[in-house]
Amino acid sequence: MSNKTAPRVLARLRVMFPSFAAAVSNDQEMMQLMIDEWAEGLAGLDDEAIRCGFSRLRGSGADFAPSLPKFIQLCGGRPEHWSSTWSGIIKKGAEFGITEDQFIYPQTFASRVGFMAEKLEDSRSIEHDS
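Residues 22 to 151 (my numbering) are what the sequence shown spells out, left to right.
Laid out in structure tokens, this is it:
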């Protein structure tokens, strides 16, 4: 996947769904954040998987653009090598009370980052005190 994949995917979604990203189109910082998030989410998916995702999306009859997790699902999901990494991330997050949904939906996860950092710092200070 090239570094231009996410902007191209987002542009195609705007063509298919004109209201997609309308709220952030005039906000450069938010648009860049959206591009960065989609680039990270699409990492590991090849061009063929993305073409497949758009084909499935066109055939779905959807009235609204998909979320990033839904688009990844339409593309066929994550490659096999991601599954062990993902399960490790989920397992580690569970130690801090973070669910898989909170990893998938970044707004929810962002609200928990401070909490996770505090818990990690607390656990490190307990280890050093022992």
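Just so it is clear, CB atoms sit at the ideal spot from N, CA and C, and this is done for glycine as well. Nothing here was measured: the structure is a model prediction, and the numbers come from that model.
Item	Value
As assigned by DSSP and simplified to three states, the class of V30	helix
Assigned exposure category for G62 - 16 Cβ within 10 Å defines buried	buried
CB of A86 within 8 angstroms of CB of L54, strictly	no
Secondary structure of L63, DSSP reduced to three states	helix
DSSP state of S76 mapped onto helix, strand, coil	helix
Candidates L95, E50, F75, of which the one nearest R29 by Cα	F75
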